[in-house]
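In what follows, a single structure is set out as structure tokens and then discussed.
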Amino acid sequence: MSMLFSPYALGPLQLSNRIAIAPMCQYSAIEGIATDWHMIHLGNLALSGAALLIIEATAVVPEGRISPLDLGLWSDAHAEALEPIVRAVRRHSPIKIAVQLAHAGRKASSEAPWEGGANIPPDQERGWQTLAPSAVPHAQGETVPLALDREGLARVRDGFVAAAIRSSALGLDAIEIHGAHGYLLHQFLSPLANRRDDEYGGSLENRMRFPLEVFAAVRAAAPGMTVGMRISATDWVEGGWEIEQSVRFAQELKQLGCDFIHVSSGGVSPAQQISLGPGYQIAFAGRIRKETGMPTIGVGLITEPEHAESILQDGQADVVALARAMLFDPRWPWHAAAKLGDQVFAPPQYWRSQPREHKALFGETRLGQR
Ligand SMILES: Cc1cc2nc3c(=O)[nH]c(=O)nc-3n(C[C@H](O)[C@H](O)[C@H](O)COP(=O)(O)O)c2cc1C
Numbered sequence: 023m024s025m026l027f028s029p030y031a032l033g034p035l036q037l038s039n040r041i042a043i044a045p046m047c048q049y050s051a052i053e054g055i056a057t058d059w060h061m062i063h064l065g066n067l068a069l070s071g072a073a074l075l076i077i078e079a080t081a082v083v084p085e086g087r088i089s090p091l092d093l094g095l096w097s098d099a100h101a102e103a104l105e106p107i108v109r110a111v112r113r114h115s116p117i118k119i120a121v122q123l124a125h126a127g128r129k130a131s132s133e134a135p136w137e138g139g140a141n142i143p144p145d146q147e148r149g150w151q152t153l154a155p156s157a158v159p160h161a162q163g164e165t166v167p168l169a170l171d172r173e174g175l176a177r178v179r180d181g182f183v184a185a186a187i188r189s190s191a192l193g194l195d196a197i198e199i200h201g202a203h204g205y206l207l208h209q210f211l212s213p214l215a216n217r218r219d220d221e222y223g224g225s226l227e228n229r230m231r232f233p234l235e236v237f238a239a240v241r242a243a244a245p246g247m248t249v250g251m252r253i254s255a256t257d258w259v260e261g262g263w264e265i266e267q268s269v270r271f272a273q274e275l276k277q278l279g280c281d282f283i284h285v286s287s288g289g290v291s292p293a294q295q296i297s298l299g300p301g302y303q304i305a306f307a308g309r310i311r312k313e314t315g316m317p318t319i320g321v322g323l324i325t326e327p328e329h330a331e332s333i334l335q336d337g338q339a340d341v342v343a344l345a346r347a348m349l350f351d352p353r354w355p356w357h358a359a360a361k362l363g364d365q366v367f368a369p370p371q372y373w374r375s376q377p378r379e380h381k382a383l384f385g386e387t388r389l390g391q392r
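When you read off a place in the sequence shown, starting at 1, and then add 22, the result is the number in our numbering.
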């Protein structure tokens, strides 16, 4: 039996295999409210055979959206729009569902990528004033964010807490706090974005303070749920946030009852020099896992089942997450199971689909049995 298709407990959450679907913004919500696109998109991915589906970056306050089209969870109406989608997924798939709770900070108020992704200035109709640790723009010529004051920090933290409570009430299985890709919590961590001179800036301890406060508040608001954080292990910029600091941060999160670290990288500076290649972030996950003992999710250009299997065998991650490969081939886990000679969930409606040589692929993986 492969490791990829072996069960794993991510905190209190039992996963049937080690494949997660990484969070992917869909830019298809209206005022943060889920639409029929989310039903189709998440419904499709729910039949993939992956063990965990992480719903896209979901804004905890309206000004925390990357674009005007981002999903949100800042009111009960937002939760009500997600409820039938969660119910439908539950009815037809054993996949576990996480949500990524997010605040984009100074990278908010932007166009969707297919509209060019440009920063929308606050004086334009679709734009708004962005907020950040410091009044430092993401890139030259972009909106200068307002530095969050005490009241602003409390509003952000309370937004995360309220969204966590709604996630729990929706019956979601896990929360991933977005601390990566140059969004608000990463902006606090990185000296490239955080120039504060109060207790939330300067030393590593101070820069970690707000993200840790948010984590602790969410942890307390969702008892019994798996709660983890996605981080950028490095900024890929000289003098920026780097792997040694990520290890320290993971140790601090562990003390606070964090169930997993999802290890990504980059996003805080246009000066980043990323060395891209298959599994380019996996060594960071491996190091955090080894040095902290934290369960890790590895991600980034994992496209081959054998590669995913070797990452797990080598002890570099406990779970692998895929984003683009899952959109390109939403049955990736089926094909991986076929290749590795394993079994995977498929709904009974599709049980006649597999080629003859993979007759046993779907085994007895009925709903309710996993
Ligand atoms: C369409 C798309 C949307 C994405 N949206 C998010 C997001 O909402 N939150 C996040 O943390 N990462 C997001 N990412 C990054 C992915 O989760 C993932 O880390 C990245 O694509 C690398 O994995 P891959 O090589 O398997 O695609 C997005 C990526 C894509 C392609």
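Note that CB positions come from ideal geometry on N, CA and C, so glycine has one too. These numbers were taken from a predicted model, which means no experiment stands behind them.
Please report how far the alpha carbon of residue i lies from the alpha carbon of residue j, in whole angstroms.
i      : j      : result
Asp145 : Gln36  : 47 Å
Ser50  : Ala56  : 7 Å
Trp258 : Ala307 : 15 Å
Phe367 : Ile187 : 30 Å
Arg40  : Ala359 : 12 Å
Arg374 : Gln365 : 15 Å
Lys312 : Thr318 : 10 Å
Cys280 : Val183 : 15 Å
Gly94  : Arg179 : 15 Å
Ile199 : Ser156 : 21 Å
Arg177 : Ser38  : 37 Å
Ile117 : Pro143 : 40 Å
Ser291 : Glu85  : 21 Å
Gly139 : Gly246 : 38 Å
Val158 : Ile88  : 17 Å
Glu53  : Ile304 : 36 Å
Gln122 : Glu235 : 17 Å
Gln376 : Ile62  : 23 Å
Trp96  : His60  : 17 Å
Glu266 : Glu227 : 13 Å
Ser24  : Leu91  : 40 Å
Thr248 : Phe282 : 8 Å
Val240 : Asn216 : 22 Å
Ala124 : Arg378 : 44 Å
Asp340 : Glu147 : 45 Å
Arg309 : Ala120 : 25 Å
Leu126 : Gly363 : Correcting the residue identity first, residue 126 is Ala in this sequence and not Leu. Rounded to the nearest angstrom, the two C-alpha atoms are 42 Å apart.
Leu69  : Ser225 : 46 Å
Ile296 : Leu194 : 34 Å
Thr80  : Arg128 : 16 Å
Gly65  : Ser28  : 24 Å
Pro34  : Ala242 : 15 Å
Arg229 : Tyr372 : 50 Å
Gly337 : Met316 : 12 Å
Within its chain, find whatever has a CB closer than 7 Å to the CB of residue i; leave out the 5 residues flanking it on each side and keep chain order.
i      : result
Ala44  : Ile76, Val321, Ala343, Leu344, Ala345
Gly301 : Gly322, Leu323, Ile324, His329, Ile333
Arg238 : Reading off the sequence shown, one finds Ala at residue 238, where the question assumed Arg. The residues are Leu278.
Arg231 : Glu221, Tyr222
Leu192 : Ala101, Leu104, Glu105, Val108
Pro233 : Gly201, Leu207, Phe210, Leu211
Val294 : Sequence check: residue 294 is Gln here, not Val. Asp257, Trp258, Val259, Gly288.
Gln391 : Caution is warranted here: a pLDDT of 49 is assigned to Gln391, below 50, making its placement in the model unreliable, and no coordinate value can be reported.
Gly174 : Leu153
Leu67  : Ile43, Leu75, Met348, Pro352
Gln151 : Pro144, Leu168
Gly149 : Ser131, Ile142, Pro143
Lys361 : Pro327
Thr314 : Val269, Ala272, Gln273, Lys276
His380 : Ala360
If I measure Cβ to Cβ from residue i and keep anything under 8 Å in the same chain, skipping five residues before and after, which residues do I get?
i      : result
Ala202 : His208, Arg252, Ile253, Ser254, His284, Ser286, Ser287, Gly289
His357 : Pro327, Asp351
Ala244 : Ala186, Ile187, Ser189, Ser190, Ile197
Ala382 : Gln365
Gly181 : Val82, Val83, Gly86, Trp96, His125
Ala432 : This structure does not reach residue 432, given that the chain is present from 23 up to 392, and the question cannot be answered.
Taking only beta-carbon atoms, is residue i less than 7 Å away from chain B?
i      : result
Asp219 : In summary, chain B is missing from the structure at hand, where a single protein chain is found.
CB-CB under 6 Å to residue i, same chain, minus the five flanking residues each way: which ones, in chain order?
i      : result
Trp263 : Leu211, Ser212, Asp257
Met46  : Glu78, Ala345
Gly385 : Gln365
Arg218 : Pro155, Ser156
Glu164 : Asn141
Gly71  : Pro355, Trp356, Val366, Phe367
How about the stretch 204-216 and the stretch 104-122: do they share at least three Cβ pairs that are nearer than 8 Å?
-> no
Pocket of ligand 1 (residues with CB nearer than 6 Å to any heavy atom), chain order = Ala44, Pro45, Met46, Cys47, Glu78, Ala79, Gln122, His200, Ala202, His203, Arg252, Ser286, Val321, Gly322, Leu323, Ile324, Leu344, Ala345, Arg346, Ala347
Assess, as a yes-or-no matter, whether the stretch 261-281 is touched by the stretch 327-338 under the definition of 3 or more beta carbon pairs within less than 8 Å.
-> no
For the 8 Å Cβ check, are there 3 or more pairs between the stretch 65-76 and the stretch 125-136?
-> no
Runs of alpha helix (DSSP H) wholly within the stretch 72-125 (minimum 4 residues, chain order) | 98-114
Pick out the complete beta strand (DSSP E) segments inside the stretch 232-314, 3 residues or longer, and give them in chain order.
-> 248-254, 283-286
What are the uninterrupted segments assigned as alpha helix (DSSP H) that are 4 or more residues long and contained completely in the stretch 340-384, given in chain order?
-> 346-350, 354-362
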